[in-house]
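Mind the numbering: the sequence shown is residues -1 to 400 in the numbering used here, read in order. Ideal Cβ positions, reconstructed from N, Cα and C, are used throughout, including at glycine. Right, one structure below, let's go through it.
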Amino acid sequence: MKSKRIAVVSHVNPFSKGSGQVERVYNTLLALAYEWEELTIYTLHENKSHPNKMEVLCSINKRISIVYVKNKKPNWIVAFLFKFLPYLGYGKESNFSIPFLFDGIEKELATQFDVVLFEYWHLYKLAKRLKNRGIFVICDTHNILLNSFTEFIRKKKWLPKIYQSFLIKKYAHLEFEIALKENFNLIIAINKEEENILKIKFPNQKIYYFPMGIKFNPIASWRNSKEIHNHYTIVYYGGLSSIRNSHAALQVIQAVEKIQEIEIHMIIVGSNAPSFLKDYIAKKKGITLLGFVENLEEAFEGVDLAVIPFEGKYGFRSRLIELMHYEIPILTTEDAIWGMGFKDKVNVLVSSGTWEKDIKKALKDERLRMQIAKNAKNKIEEEFTFENTYLKFVSDLIQIVN
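Here it is as structure tokens:
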């Protein structure tokens, strides 16, 4: 094991359940636990932690420490500023709230660790001070936040477009000219397109490509050909707590409702569905809302097609990888596969934008669906395993730090 001491700082609690971000941080911890002798995680929201996830981590390495930073509440003036300042061009609320919450850990990080991995770049000022003291600091970007910020601002229809452009330009300056520029020894890119962007932006900095991977569970049964024609099951898979994802699920439902010629049963797998989505589904027939599911193989049994209309070119869509593991063909968007290396009609189907038409076309072509599902499974088992992503990163990191 590595003798140096490493700390991971994450406002995303890796021991909670739900998002791909959570699993990204948790799997990184698992990989580090195998190779690093002393590992400490600084995070928030102890009440959201699940003991079984902590037990698995600690069973790998007994010298792991979990530090829950106190969830401080700002007074009303500070809270108002956190929400108001973004509309003056100072980033998002998280650019203020995260440094506020993690204020007070600098001394420990500077005196007790050799390496510090920051999840996201919000704590860049702290990272810069640690770097200046000789600590090796890393930023896992998770995604280029400018892209998600742009989507966030463009949806504020009440803001004049010229002012939207001003805010986006200011955020780009914050991310590329201030936060990521020379404050970290190593910057992690989560997909190939973002790696290229970061290498162009920072030609003199170390950029490391580190995609998301998953631990593939053995599949008990192989998928069989359709026995009943003109009767299909489709699935939407994704956390439903965000407005973006819950609207995507609703988009699929409404597309299916327009299809009359064939019978379609729809399954929605995802936690924390908002009330508007639950109420809509309750009035409909042929839709099953499963919520969070432990056994995905069971939930996906008999599914003919996954429909995932994700928007926004940023990050890494780990839900696609999970679906591919179970050999479920996917109909999705160019945005969703951006930077992941997938190709239309090779290992995914890319929608033209008319979802009901594309769903019907995909369901009618069983041979194509089976072929792209097989191709996708082969690709992810070569590139996106836990070993080829998380364990590779940890192994490479030891060499980089040394």
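Buried versus exposed call for H229 [16 or more other C-beta atoms within 10 Å across all chains shown]: To locate residue 229, count along the sequence shown from 1; it is residue 231. Exposed is the call here.
Residues near T139 in its chain [Cβ-Cβ closer than 8 Å; skip 5 each side]: Position 141 of the sequence shown, counting from 1, holds the residue named residue 139. Answer for T139: Y118, W119, L178, I185, I186, A187, I188, E192 and L196, listed in chain order.
Burial state of M(-1), where buried means 16 or more other Cβ atoms lie within 10 Å: What you label residue -1 is simply residue 1 of the sequence shown in a count that begins at 1. For M(-1), the predicted structure reports a pLDDT of 48, less than 50, and the residue's modelled location is therefore unreliable. A value from the coordinates is still provided. Exposed: under 16 other Cβ atoms inside 10 Å.
Residues that DSSP places opposite I136 in a beta bridge: In the sequence shown, the residue the question calls residue 136 occupies position 138. Checking the DSSP bridge columns, you'll see I136 partnered with L115 and L184.
Inside the stretch 326 to 356 only - beta strand (DSSP E) runs reaching at least 3 residues: List check, beta strand (DSSP E) in window: 328 to 330.
For E259 and N25, the rounded distance between their alpha carbons: Within the sequence shown, the letter at position 27 stands for residue 25. Within the sequence shown, the letter at position 261 stands for residue 259. Whole-angstrom Cα-Cα distance: 44 Å.
Unbroken alpha helix (DSSP H) run spanning H43, endpoints: Residue mapping note: residue 43 aligns to position 45 of the sequence shown, counting from 1. Per DSSP, H43 belongs to no alpha helix (DSSP H) and is neither H nor E.
Contacts around Y122, its chain only, beta-carbon distance under 6 Å, and the 5 residues preceding and following it disregarded: Numbered from 1 along the sequence shown, position 124 holds the residue referred to as residue 122. Closer than 6 Å at Cβ, skipping near neighbours: A177 and N181.
Other residues of its chain near R3: CB distance less than 6 Å, five sequence neighbours each side excluded: Taking the first residue of the sequence shown as position 1, residue 3 is located at position 5. Cβ neighbours of R3 beyond the five flanking positions: E36, F111 and D112.
Cβ neighbour criterion (16 or more within 10 Å) applied to A280: Position 282 of the sequence shown holds residue 280. Here A280 is exposed, its C-beta having fewer than 16 other C-beta atoms within 10 Å.
First and last residue of the uninterrupted beta strand (DSSP E) at H229: Position 231 of the sequence shown, counted from the first residue, corresponds to residue 229. Residue range H229 to Y235 is occupied by the beta strand (DSSP E) that includes H229.
Minimum C-alpha distance to L303 - residue among E354, L361 and V291: The sequence position of residue 303 within the sequence shown is 305, counting from 1. Checking every option, the nearest Cα to that of L303 belongs to L361.
Cα-Cα separation between K15 and L42, rounded to whole angstroms: Within the sequence shown, numbered from 1, the residue matching residue 15 stands at position 17. Within the sequence shown, numbered from 1, the residue matching residue 42 stands at position 44. Going from the Cα of K15 to the Cα of L42 covers about 14 Å.
Contact the stretch 313 to 332 vs the stretch 292 to 303: 3+ CB pairs below 8 Å: yes
C-beta atoms of Y312 and I266 nearer than 8 Å: The residue given as residue 312 occupies position 314 in the sequence shown. The residue given as residue 266 occupies position 268 in the sequence shown. No. Outside cutoff.
Candidates S349, V392, R367 and L275: closest to S239 by CA position: Taking the sequence shown and counting its residues from 1, one reaches residue 239 at position 241. If we check each option's Cα against that of S239, L275 comes out closest.
DSSP beta-bridge partners of H263: The count along the sequence shown starts at 1 and reaches residue 263 at position 265. T231, per the DSSP bridge assignment.
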